[in-house]
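Engineer: Position 726 of the sequence shown, counted from 1, bears residue number 726 in the working numbering, the numbering being contiguous throughout.
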Amino acid sequence: MRKQEMDSQLARIRTLEEEHAFGLVGTYLLDYHKKIVYADQTLSAMYGLPFDEAGIPLADFLKNIDEEDRQRANQLREAQINKSEPYQLEYRVKIVPGKTRWLLARAKAKIVQGETFYEGIVVDITSGKEADIALQTQNKLIKTITDNATSSLFLMNDKGYCTFMNPAAESMFGYSFEEIKSKPLHYLIHHHYPDGREFPMEDCPLDRALPQNFEMRAHEDLFFRKDGSSVPVSCAASPIFENGVPVATVIEVRDITEQKKANALLEAHAERLEIVNSIGLFISESLDLQEILQKVTDAVTKLTGADFGAFFYNTVNSSGEAFLLYTLAGAPREAFEKFGTPRNTAVFQPTFAGEGVVRVADITKDPRYGKNTPNNGMPRGHLPVVSYMAVPVVSKSGKVIGGLFLGHKNADVFTAEHESLVLGVASQAAIALDNAKLYEEVKELGIKKDEFLSIASHELKTPLTSIKAFNQLMQRTKDFAKLPDFVQKSAEHINRLEKLINDLLDVSKINAGKMQYNMESFSFRQLVLDCIESVQHLAPSHKIFVEDAADIEFTGDRLRLEQVMNNFLTNAVKYSPGGERVIVNSSLRDNNLIVSIQDFGIGIPHDHLDKLFDRYYRVDNTAMRFEGLGLGLFISSEILKRHGGDFWIESEQGIGSTFFFRLPLEQQKEDKVTETDTYYKDPYITIAYNQQNQQLEVDWKGFQNLSSIQNGCMKMLDILKKKNCAKVINDNRNVQGTWSEAAEWVGIEWFPQMEKAGLRYFAWVFSPSTFSQLSAKKAINMKEGKVTTQFFTDISSANKWLTERVPS
1 MRKQEMDSQL ARIRTLEEEH AFGLVGTYLL DYHKKIVYAD QTLSAMYGLP
51 FDEAGIPLAD FLKNIDEEDR QRANQLREAQ INKSEPYQLE YRVKIVPGKT
101 RWLLARAKAK IVQGETFYEG IVVDITSGKE ADIALQTQNK LIKTITDNAT
151 SSLFLMNDKG YCTFMNPAAE SMFGYSFEEI KSKPLHYLIH HHYPDGREFP
201 MEDCPLDRAL PQNFEMRAHE DLFFRKDGSS VPVSCAASPI FENGVPVATV
251 IEVRDITEQK KANALLEAHA ERLEIVNSIG LFISESLDLQ EILQKVTDAV
301 TKLTGADFGA FFYNTVNSSG EAFLLYTLAG APREAFEKFG TPRNTAVFQP
351 TFAGEGVVRV ADITKDPRYG KNTPNNGMPR GHLPVVSYMA VPVVSKSGKV
401 IGGLFLGHKN ADVFTAEHES LVLGVASQAA IALDNAKLYE EVKELGIKKD
451 EFLSIASHEL KTPLTSIKAF NQLMQRTKDF AKLPDFVQKS AEHINRLEKL
501 INDLLDVSKI NAGKMQYNME SFSFRQLVLD CIESVQHLAP SHKIFVEDAA
551 DIEFTGDRLR LEQVMNNFLT NAVKYSPGGE RVIVNSSLRD NNLIVSIQDF
601 GIGIPHDHLD KLFDRYYRVD NTAMRFEGLG LGLFISSEIL KRHGGDFWIE
651 SEQGIGSTFF FRLPLEQQKE DKVTETDTYY KDPYITIAYN QQNQQLEVDW
701 KGFQNLSSIQ NGCMKMLDIL KKKNCAKVIN DNRNVQGTWS EAAEWVGIEW
751 FPQMEKAGLR YFAWVFSPST FSQLSAKKAI NMKEGKVTTQ FFTDISSANK
801 WLTERVPS
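1. Would you kindly check if the distance between the Cβ of ASN730 and the Cβ of THR803 is under 8 Å?
2. For ARG589, report the span of its beta strand (DSSP E) as first-last.
3. Run the CB neighbour count on ALA79, radius 10 Å, all protein chains shown included, and call it buried at 16 or more, exposed below.
4. Which residue from THR116, ASP557 and GLY645 puts its Cα closest to that of LEU593?
5. State the Cα-Cα distance for the pair SER152 and PRO167, rounded to the nearest angstrom.
6. Which residues does DSSP pair with PHE522 in a beta bridge?
7. Can you give me the Cβ contacts of TRP648 inside the same chain, cut-off strictly under 7 Å, excluding the 5 residues immediately before and after it?
8. Spatial neighbours of GLU547 within its chain, please: CB distance less than 8 Å, with the 5 preceding and 5 following residues excluded, ordered by chain position.
9. Would you tell me roughly how many angstroms separate the C-alpha atoms of PRO194 and VAL25, rounded to the nearest one?
10. Determine whether the beta carbon atoms of LEU383 and ALA331 lie at a separation below 8 Å.
11. Could you work out which residue in SER637, GLU675 and PRO605 is closest to ILE655 when comparing CA atoms only?
12. Kindly list the residues whose CB is nearer than 6 Å to the CB of GLY579, restricted to its own chain and excluding five residues on each side of it in sequence; keep chain order.
13. Mapping DSSP to helix, strand and coil, what is MET216?
14. Could you tell me whether the Cβ atoms of ASP124 and ARG101 are closer together than 8 Å?
15. Starting from CYS713, follow the alpha helix (DSSP H) in both directions and report where the run begins and ends.
16. With a threshold of 6 Å on Cβ separation, who are the neighbours of ASN591 within its own chain once the five nearest residues in sequence on each side are excluded?
17. Of the choices ASN243, SER238, LYS727 and GLN113, whose alpha-carbon is the least far from that of ALA218?
18. I need the DSSP call for TRP750, collapsed to helix, strand or coil.
19. In three-state DSSP terms, what is GLN428?
20. Taking 7 Å as the cut-off, does the CB of THR477 come closer than this to any heavy atom belonging to the ligand GTP?
21. Residues in its own chain within less than 8 Å of PRO683 by CB, not counting five upstream and five downstream?
22. Rounding to the nearest angstrom, what Cα-Cα distance links VAL96 and PRO392 in this structure?
23. Nearest to GLY55 by alpha carbon, out of TYR32, GLN71 and ARG77?
24. Looking at the unbroken beta strand (DSSP E) that takes in MET46, where does it start and where does it end?
25. Given a threshold of 16 other Cβ atoms within 10 Å of its Cβ, counted over all protein chains shown, does GLY340 qualify as buried or as exposed?
26. Quick one: using the 10 Å Cβ neighbour count with 16 as the cut-off for buried, is ALA416 buried or exposed?
27. Which stretch, first to last residue, makes up the beta strand (DSSP E) that contains ASP682?
28. Can you tell me where the alpha helix (DSSP H) with ILE597 in it begins and where it stops?
29. Any idea what DSSP makes of ILE133, helix, strand or coil?
30. Taking LEU527 as the reference, give the member of LEU433, ASN566 and ALA763 with the closest Cα.
31. Using DSSP with H/G/I as helix, E/B as strand and the rest coil, what is MET565?
32. In chain order, what residues of the same chain lie with their CB nearer than 6 Å to the CB of LYS399, ignoring the 5 residues before and after it?
33. Whole angstroms are fine: how far does the CA of ALA209 sit from the CA of LYS94?
34. Please return the same chain residues whose Cβ sits closer than 8 Å to the Cβ of LEU529, not counting the five positions on each side in sequence.
35. Which of the three DSSP states, helix, strand or coil, is assigned to PRO350?
36. Using a Cβ-Cβ cut-off of 7 Å (strictly less than) and excluding sequence neighbours within five positions of ALA45, which residues of its own chain qualify?
In structure tokens:
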């Protein structure tokens, strides 16, 4: 009966240990004065509360905490208000009657602008607590069983032979009594050391207990069964004397396999808890992107026992999607760098699309593996990967930041527990990465501001110094013939100073929304010619040619548009010191007035083009060579926007640049529109549903703006819904100019609507226009959701890629 009870208890303990898993991790921010908790979805679920981005009253959390634990928590929180050290406590939460959940909270008080906030993490340690309680119960039970001689018992004589064994011993070691008494007990169950060396009988502590007259308790060792398998044991030896003569030794042996497993489980649990705590505290306090990513990569590699771990960061390049290797653990960077960035293959795609965790016991046997040329599997020299796990790191907005990838050379290494752990760390990392990115943006703005102030100080000081110098010369000179030249040069510097001040005033007016516009009808051809004459007078080193000047009456603010034209012309002269000529064109296209100013100067690198119209921005290699505050193009872009226009640039470094701007003319008649359930066409877009390929085929045309983009996109959404379509080919080859003002709306608002309607794959064919390409990349960089996008330069490649995609 006692054996049955023991077996039953041990079976229950095994079940508990097998079910023991590491809990979920939640994060929160407590506004102590408002008594509002801003918790993530995981933490809200732990307390049985609905998730609310606007925050949840602290009282709602406290009411579910055990009364005794709540008092301790309140006391500890109050005591920590004026301290900078984090605090930690364990407590119970009762969500439903009869069910208690154990949580561990670790938080730190922060004072921000006189207000107190608590920032911390909460870990569900229910399974760990239950395992700990079960282990304590097990130890008490086994001690009771041992005291009552229900463990394996042997009676060994002074020669080392067994003279008695109980049924538990027979069951544990597999010997019958007839077999066990045939030779010294040592040579049957204790014949080798754990490392495989032979164990001499004379060195055995069990055999020495009798002749040396000592008792041995709780001695841990490794014994061997009849079949040769080993078993970890805890044993005790007690000599028996008759009339003062040692006659036998009682040996009690207890199988501690389960205890060893439980101890290993608890040690692993404690280690993982410490890692998660440390990573949570570190990434909540750090704003260094590289440090956060390396710490996260190191942590998940250690938590899962992976041979190596890697974090790949999502980025988009000119050829489409690419994934930048950011951090590594367990392997040198050289092990990955020679293979380049991973492509959007069937294995990697679910991770970078944010579709969920990929955990495979043997990736080489997975049906998605080995389908892509040229390697059809891992490249030669790649680290050996059999067990594979990949977890997407997704920001609060739903945008996939990147992926954590883990590998091991053996099969079936990663478990559901590992998956849960990495997901918890990934969710914390996503928040920290968002914060770090925001910090980097703020820091970059601060740097730009400081650089601008330094440049502005220099640019304003230079003409003042020159004016002062010429005034001193006029006061001191006795050669009155030189006075007109001094006055002229002083006037030139006054004009320069006036322009700098006017630029600063214009920016201030733009920011305040107080820029005034005087709309009137005027000859645009005459405006172009007047501006050229004015700039030509100031730039005798260059010849400004007019190839075409559209003769049209335009309604707008003539002075402001002169400001734009003069800025583009002076820049063309300024940045082509050896160019000698500038070519100007103005023409009518698609009910738009298009103006271009071409120079043959230094050109602009492609990675700087989309930043030129930002306030204070100047390309690095020109900042120290040419004067100016970097405000002119920003002011020009704002003036054009107020006229319903826009701008773009085509440039090649070392050859020159062409600056374009567009001004829409008044609409003469309504656009012709053709529309059915499967087709739509207007002057800006054609949308057709391809029944055979089950995809939308979209062709954009001409110059686009926010209105035309929004109208066309919503027509696409309407047809997509009607046809339950999952694929779109988006052809921009006939798009001219730029549509950057609509890029944010496309990425943040439209793409999520399309995904909700069923869109899964989006093939985007680039426009030849550099600025149109930049607009497309901007939209994808801001895109939220899990739609898979790919850029192409030709329609056939886009169609081929889309045909190979099979919606799930």
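Don't be surprised by glycine CBs; every beta carbon is placed ideally from N, CA and C.
These numbers were taken from a predicted model, which means no experiment stands behind them.
Structural biologist: The short version:
1. For THR803 and ASN730, no; Cβs fall outside 8 Å.
2. Its beta strand (DSSP E) spans residues 581 to 589.
3. Burial call: exposed.
4. Selected option, being the one with the closest Cα: GLY645.
5. Here the C-alpha atom of SER152 lies approximately 7 Å from the C-alpha atom of PRO167.
6. Beta-bridge pairing links PHE522 to PHE554.
7. Around TRP648: PHE660, GLY737, THR738, SER769 and PHE771.
8. Excluding residues within five positions, the ones whose Cβ falls inside 8 Å are ILE583, VAL584 and ASN585.
9. Each residue's alpha carbon lies about 40 Å from the other.
10. Yes; because the gap between Cβ atoms is below 8 Å, this pair is in contact.
11. Looking at SER637, GLU675 and PRO605, the one whose alpha-carbon comes closest to that of ILE655 is PRO605.
12. Answer for GLY579: ASP599, PHE600 and GLY601, listed in chain order.
13. MET216 falls in the strand class under three-state DSSP.
14. For ASP124 and ARG101, yes; Cβs fall inside 8 Å.
15. Per DSSP, CYS713 belongs to the alpha helix (DSSP H) from 706 to 723.
16. Excluding positions up to five away in sequence, the list reads LEU665.
17. Considering only alpha carbons, the answer is SER238.
18. If DSSP states are grouped into helix, strand and coil, TRP750 belongs with the helices.
19. Three-state DSSP puts GLN428 in a helix.
20. Among the ligands in the structure shown, none appear at all, so the ligand GTP cannot be discussed.
21. Around PRO683, the same chain offers ASP590, ASP671, LYS672, LYS701 and GLY702 as residues with beta carbons nearer than 8 Å, after the five sequence neighbours per side are excluded.
22. VAL96 and PRO392: Cα-Cα distance of roughly 33 Å.
23. Minimum Cα-Cα distance from GLY55 among the listed residues TYR32, GLN71 and ARG77 corresponds to TYR32.
24. Where MET46 is concerned, there is no enclosing beta strand (DSSP E), although the alpha helix (DSSP H) it sits in stretches over 41 to 46.
25. Unreliable placement is indicated for GLY340, whose pLDDT of 48 sits below 50; no coordinate value is reported for it.
26. The residue is exposed, with fewer than 16 neighbouring Cβ atoms inside 10 Å.
27. Element bounds for ASP682: 679 to 682.
28. Run containing ILE597: none in the alpha helix (DSSP H); it sits in the beta strand (DSSP E), 592 to 599.
29. Looking at ILE133 - three-state DSSP - the assignment turns out to be helix.
30. From the listed residues LEU433, ASN566 and ALA763, the smallest Cα separation to LEU527 is found for ASN566.
31. Three-state result, MET565: helix.
32. So the qualifying residues of the chain are GLU784.
33. Approximately 54 Å between the Cα atoms of the pair.
34. Taken in chain order, the residues that qualify are VAL546 and ALA549.
35. Note: PRO350 maps to helix in three-state DSSP.
36. Excluding positions up to five away in sequence, the list is empty.
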